[in-house]
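Have a look at the structure below, then the notes.
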Amino acid sequence: MKRYIVLIALIFFFIPSALASSPLKGELVIFHAGSLSIPFRDISNAFMKAHPGLNVIRESTGSRTAARKICDLGRKCDIMASADPTVID
């Protein structure tokens, strides 16, 4: 439960800066751990409803796989959320 609170707090920390600029358009790509699927689904649906010009693309995998997409495969994302803190090191 603590990790969800921290995760949601971090996301909402960055939202005000995004809202200060022009209307959001384009895509927001999120790589996240499978255990975070429900919170990210709810948050992304609410965010897309508030910003109709923005499409949120969520990719749910294991934490290590999400990190490998970035480090080994060179894939780009806007947010990477891991359920395993050792992956971030």
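Our numbering numbers the first residue of the sequence shown as 57 and each following residue consecutively. From the three backbone atoms N, C-alpha and C, an ideal C-beta is built for every residue, glycine too.
Legend entry - Span of the beta strand (DSSP E) around R114: As a position in the sequence shown, residue 114 is number 58, starting the count at 1. Its beta strand (DSSP E) spans residues 110–117.
Legend entry - Closest by C-alpha distance to N101, when choosing among G90, C133, L84: The residue given as residue 101 occupies position 45 in the sequence shown. If we check each option's Cα against that of N101, L84 comes out closest.
Inset, instruction - Using alpha carbons as the reference points, say which of S116, G109, L92, T117 lies closest to L80. - result: As a first step, residue 80 is located in the sequence shown; it is residue number 24 there, counting from the start. When each option's Cα is compared against that of L80, the closest is G109.
Legend entry - alpha helix (DSSP H) segment containing A102, residue limits: The sequence position of residue 102 within the sequence shown is 46, counting from 1. Note, A102: alpha helix (DSSP H), 93–106.
Inset, instruction - Go through its chain and collect everything with a Cβ distance to R120's Cβ below 8 Å, but skip five positions before and after it. - result: Mapped onto the sequence shown, residue 120 falls at position 64. Excluding residues within five positions, the ones whose Cβ falls inside 8 Å are D140, V143.
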